[in-house]
Structure formats: C-alpha cells, structure tokens
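Residue numbers (numbering that gives the first Met the number 0): 0 to 285.
Cβ coordinates follow ideal geometry from the N, Cα and C atoms, glycine included.
Please read these numbers as outputs of a predicted model, since none were measured by experiment.
One structure below.
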Amino acid sequence: MIADASSAPPPRYLLLNPRHQDPQHLTSASDVTPDKGLYVIHQPHLKQPAHWALRLIDLHQRPDIKEQATEWLKTKRWPRETFCGWLVTTASPLTLVTHLESQLVQHTADRRRMLLRYFDPRVLDQLEHILDDGQRRTLMGPVTHWTLLDAHYTPHTLVCPSTRQPLRCIDQHQWQAIGYTDEVEHVRRAWMDYIAPVRLPDDHYHIIEAWLAIANQQGLDDSTDRITFTLIGTQLRWRFDATPKFHQLMMRHRTEGHPLTAMLNAMTAKEWALIEQWTPREPCPA
Numbered sequence: 000m001i002a003d004a005s006s007a008p009p010p011r012y013l014l015l016n017p018r019h020q021d022p023q024h025l026t027s028a029s030d031v032t033p034d035k036g037l038y039v040i041h042q043p044h045l046k047q048p049a050h051w052a053l054r055l056i057d058l059h060q061r062p063d064i065k066e067q068a069t070e071w072l073k074t075k076r077w078p079r080e081t082f083c084g085w086l087v088t089t090a091s092p093l094t095l096v097t098h099l100e101s102q103l104v105q106h107t108a109d110r111r112r113m114l115l116r117y118f119d120p121r122v123l124d125q126l127e128h129i130l131d132d133g134q135r136r137t138l139m140g141p142v143t144h145w146t147l148l149d150a151h152y153t154p155h156t157l158v159c160p161s162t163r164q165p166l167r168c169i170d171q172h173q174w175q176a177i178g179y180t181d182e183v184e185h186v187r188r189a190w191m192d193y194i195a196p197v198r199l200p201d202d203h204y205h206i207i208e209a210w211l212a213i214a215n216q217q218g219l220d221d222s223t224d225r226i227t228f229t230l231i232g233t234q235l236r237w238r239f240d241a242t243p244k245f246h247q248l249m250m251r252h253r254t255e256g257h258p259l260t261a262m263l264n265a266m267t268a269k270e271w272a273l274i275e276q277w278t279p280r281e282p283c284p285a
C-alpha cells in the first residue's frame, strides 16, 4: 500500500547509501560507530570501508541529521538512490540491522540464492508493484512505514501490509520483472529529461514493463533503442509499433543495421503524422 508521506508517523531511522556520494562527507571507518548513532549494513559479496557502506542512522540519537536531511532534500544535489528511506519502527538498531541484512539474499523457487538490492529506491518502488502482500510484509519485517523518493524526487510512503499470507519465494516471473529495474529507471530519467514537467502516469511501472516486453518481441537489443522505443510508447499509450510506417522503419532497421533511435530522430513532422494519425489505435497491453 502506498500512502501520502505527510500522513506517516515520524521516522525513527534514515537509511543512507553513501557509496557514490555522501552528504555527511565522512572520511574514516571510525566515523561510523553505534555510539555516534551510525550502523553499518553489510552487503553480501561487497567489501568496503564502513564509511562507504550502507548506513543506518538512528534519528533519536542524531536529531541533528534529521534536520540536515531536510536541507539535503531541498538542494536536490544528491541522487535519489542516496536516500534509501525514512523508516518507522519500534525495533532497536541492532534488531533492524539484522533484519535488513537478512533480506538482501532471497531464494528462487529452485533454491538458488539471489541478491536483492531492495533498499535502493529505484528497486523498492518497483517491488511495491511486483511482490504480493505476504512477500512485502516479510521484506519490511519490523518496519511499519518506509518513505522513499519517487522518480520526481517526491517522498511517498510504503505501508506494511496488515494481512498475513503464507510466505512464498519470489517466482520466475517476479524475478524477470525485477530484472527490468535498470531499464525502468532509465526510462524514468529520460522522461524527466525530455518530457517533464508532464508527470509520469501513476501506473507507469506497468506501462513501462509492458513496452519493454514489446521491445523484446520486436527484437530490439540495443539499450538506447529499447529506452527510446519504450519512452515513446509510455507517452503515446497506444501501439504505435503496429502502424505501417513503423513496420517500414523496423524493416530498414533490421536490413540496414541503422540504430532505431537515430532513424526516429531523423523522421520529419510529416512522417510522424503518419504514425500519430493512424486509426484504429490498438491500446497498449498495460
């Protein structure tokens, strides 16, 4: 369940990922200690100094950081993946650290171990649409509210499901959807760069996933072409790829080997009109 961040209780913890940029500017492992209200979250197969590691901050111990975080958000200097979330829970720091670390490795239906970077907001806001209530409840554990930044840098809150369901492993279809994480984020950023201030549709995750699946059907494997194709589909919301003009374009792409993105950029307004005016329009599957 997603709620307005303003309705969430005051957070007890801030989960920070300083791997690329650290708003605290810590320079030594000795800076990250429990007596300073800072706790390291150890990630499997990733060895790094404590001041570069995923960091849990106890805001009860460090009210100064709570105030600083407000200023960090105002400046928008830091990528949203730096701020993994503001967490509401009654759990002690060590209990929460233990739970967060335990969820980093998940099992497939055939018992293979898979790393799940669920703490990354680019991943977590997709997991909200991928996991069922039982899986989300297990993932959040003692956390009742988890506030993160969306693609527009706006905070929204995930509320722990209240229903209890039998726990099941993340299935093959869900892992496939999780595998789209990077591409979904690239489409979001492209939208912000080229289409904003128009906001992404509320159901954009399902729309983007559907268009990435269509890109697979079209045989598009170049990353830039896939993002361009998906971005156009997300904006138009109908199967522009089913028009005769786009079929011609794809034939040239396949036979001549030209990048689809370059061919789309070279289209004239008249050529685009042949696509945009085509009827009947087949709706996007999402």
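Nearest residue (CA-CA) to P141, options P258, T97, H19, S222: T97
Cβ contact check for the segment 86 to 103 and the segment 15 to 23: 3 or more pairs under 8 Å: no
Looking only at its own chain, which residues have a Cβ that is under 7 Å from the Cβ of M139, when we skip the five neighbours before and after it? Around M139: W145, C159.
What does the Cβ neighbour count give for D57, buried or exposed, with the cut at 16 atoms within 10 Å? buried
Skipping 5 residues on each side, what residues in its chain have a beta carbon closer than 6 Å to that of I169? Q105
Answer with buried or exposed for P120, where buried requires no fewer than 16 other C-beta atoms within 10 angstroms of its C-beta. buried
Looking only at its chain, what residues have a beta carbon closer than 7 Å to the beta carbon of A150, apart from the 5 residues adjacent to it on each side? R187, M191, L199
With 16 as the cutoff for other CB atoms within 10 Å, does V39 come out buried or exposed? buried
Go through its chain and collect everything with a Cβ distance to P8's Cβ below 6 Å, but skip five positions before and after it. V87
In this structure, what does DSSP give as the bridge partners for W145? L86, L157
Looking only at its chain, what residues have a beta carbon closer than 6 Å to the beta carbon of L115, apart from the 5 residues adjacent to it on each side? Q105
Please say whether H205 and H128 have beta carbons closer to each other than 8 Å? yes
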